[in-house]
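Chemist:
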Amino acid sequence: MKNNRQDPRRTFLVRALSLGWFATTLPAVLTHEAFALGGLSKKMPPGRSIYKLKGAVSVDGRPANLETEIRANALIKTGRSSRIIFVVGNDAFILRSNSELQLGGTGFFIETMRILSGKLLSVFGKREKSHQIKTVTATIGIRGTGVYVESEQDRSYVCTCYGQTEIQSNVDATARVEVKTKYHDTPYYIYAKTEGKQEYIRPAPVINHKDSELELIEQLVGRQTPFGFMNYGGGDGGY
Numbered sequence: 014m015k016n017n018r019q020d021p022r023r024t025f026l027v028r029a030l031s032l033g034w035f036a037t038t039l040p041a042v043l044t045h046e047a048f049a050l051g052g053l054s055k056k057m058p059p060g061r062s063i064y065k066l067k068g069a070v071s072v073d074g075r076p077a078n079l080e081t082e083i084r085a086n087a088l089i090k091t092g093r094s095s096r097i098i099f100v101v102g103n104d105a106f107i108l109r110s111n112s113e114l115q116l117g118g119t120g121f122f123i124e125t126m127r128i129l130s131g132k133l134l135s136v137f138g139k140r141e142k143s144h145q146i147k148t149v150t151a152t153i154g155i156r157g158t159g160v161y162v163e164s165e166q167d168r169s170y171v172c173t174c175y176g177q178t179e180i181q182s183n184v185d186a187t188a189r190v191e192v193k194t195k196y197h198d199t200p201y202y203i204y205a206k207t208e209g210k211q212e213y214i215r216p217a218p219v220i221n222h223k224d225s226e227l228e229l230i231e232q233l234v235g236r237q238t239p240f241g242f243m244n245y246g247g248g249d250g251g252y
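Using my numbering, you'd call the opening residue of the sequence shown number 14 and step up by one each time.
#1: Does the region 181-198 come into contact with the region 100-108, if we say contact requires no fewer than three beta-carbon pairs (one atom in each stretch) closer than 8 Å?
#2: State the DSSP-derived secondary structure class of residue 247, mapped to helix, strand or coil.
#3: Runs of 3 residues minimum, wholly inside the region 52-138: which ones carry the beta strand (DSSP E) assignment?
#4: Determine the extent of the alpha helix (DSSP H) in which residue 226 is found, giving its start and end residues.
#5: Quick one: grab the DSSP three-state call for residue 34.
#6: Tell me whether residue 232 is buried or exposed, calling it buried when 16 or more other Cβ atoms sit within 10 Å of its Cβ.
#7: Between which two residues does the beta strand (DSSP E) harbouring residue 187 extend?
#8: Going by Cα to Cα distance, which pick from 143, 131, 118 is closest to residue 95?
#9: Among the residues of its own chain, which have a CB less than 8 Å from the CB of residue 185, if the five just before and after it don't count?
#10: Can you tell which of 76, 88, 228, 207 has the C-alpha that lies nearest to the C-alpha of residue 167?
#11: Less than 8 Å between the CB atoms is what I'm expecting for residue 66 and residue 89, so what's the real figure, rounded?
#12: Just the C-alpha distance for residue 13 and residue 60, rounded to the nearest angstrom, thanks.
#13: Indicate the three-state DSSP secondary structure (helix, strand or coil) for residue 213 in the structure shown.
#14: Under DSSP, the beta strand (DSSP E) around residue 203 begins and ends at which residues?
#15: Applying the 10 Å Cβ sphere with the 16-neighbour rule, what's the burial state of residue 75?
#16: Specify the secondary structure class of residue 166 as computed by DSSP and reduced to three states.
#17: Taking residue 142 and residue 127 to be in contact with their CB atoms under 8 Å, please state how far apart those CB atoms are, rounded to whole angstroms.
#18: Would you mind working out which of 122, 150, 115 sits nearest residue 183, comparing C-alpha positions?
#19: Residue 72 to residue 223, Cα distance in whole Å?
#20: In its own chain, which residues sit with a C-beta less than 8 Å from the C-beta of residue 189, not counting the 5 before and 5 after it?
Structure follows, in structure tokens:
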């Protein structure tokens with residue numbers, strides 16, 4: 014199985030470090046992608062929730078640090094120019110600045126999530142039944158998936174990076190799409206209002222998230238992304 018093989022990306026980067034290539038021959042963009050989020054990651058140790066945080070981050074109303082425990086019913090907020098990378102059970106996340114995320118569940122098993130504002134990149138372990146992410150304008154049913162979400166008052170953005178989701182408008186329950194994808198194939202905007210013949214759910218580009226980020230948080234829960242080598246630049250959305 015794939016998870017039992019040594020990761021060629023990790024092997025390459027470790028070898029490059031040992032040979033000093035970063036100082037001489039590797040492109041600057043490769044160095045940035047490999048280390049901007051905290052270096053080469055590995056599975057989070059038992060008892061640890063937060064891999065890295067920056068700026069003003071609170072969990073359940075209290076300032077967070079690397080020792081803060083995040084459970085499946087936590088409320089997490091980030092301020093301006095802030096970010097948190099964290100794990101809950103078999104799921105891992107990057108919550109960006111100016112975001113508010115309410116988790117719902119018991120212990121370390123998340124059943125529902127509501128992103129009230131901001132931007133969230135998530136990877137989820139397999140479940141027997143689907144669970145949901147709610148934004149202001151959309152409800153996303155999820156099962157064993159990587160997904161990126163932005164929540165604003167007038168619209169939401171959803172990219173199913175890989176896996177399966179069902180995206181539904183919170184305004185019109187008949188407006189829904191099912192997504193099965195291996196690689197960022199069908200992102201959508203979900204709007205709060207429409208005019209004329211416009212649809213509530215409309216195609217969108219790939220924006221504001223990268224393969225290297227997905228790889229990072231999958232490694233934090235002992236997995237890998239289902240696609241091959243990470244893309245270090247170019248293409249839509251900075252891939």
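Glycine included, C-beta positions come from ideal geometry on N, C-alpha and C.
Modeler: Looking at the atomic coordinates:
#1: no
#2: A caution first: residue 247 carries a pLDDT of 32, below 50, which makes its placement in the model unreliable, though a value can still be read off. Residue 247: coil per DSSP, three-state reduction.
#3: 63-67, 70-72, 88-91, 96-101, 104-108, 112-119, 122-136
#4: 224-233
#5: A caution first: residue 34 carries a pLDDT of 41, below 50, which makes its placement in the model unreliable, though a value can still be read off. Correct three-state label for residue 34: helix.
#6: buried
#7: No beta strand (DSSP E) contains residue 187, which DSSP labels as neither H nor E.
#8: 131
#9: 213
#10: 207
#11: About 10 Å separates the two Cβ atoms, so there is no contact after all.
#12: Coverage of the chain is limited to positions 14 through 252, which leaves residue 13 absent and any answer about it impossible.
#13: coil
#14: 201-204
#15: exposed
#16: coil
#17: Contact flag wrong, Cβ pair sits at about 18 Å.
#18: 150
#19: 25 Å
#20: 179, 180, 181, 182, 214
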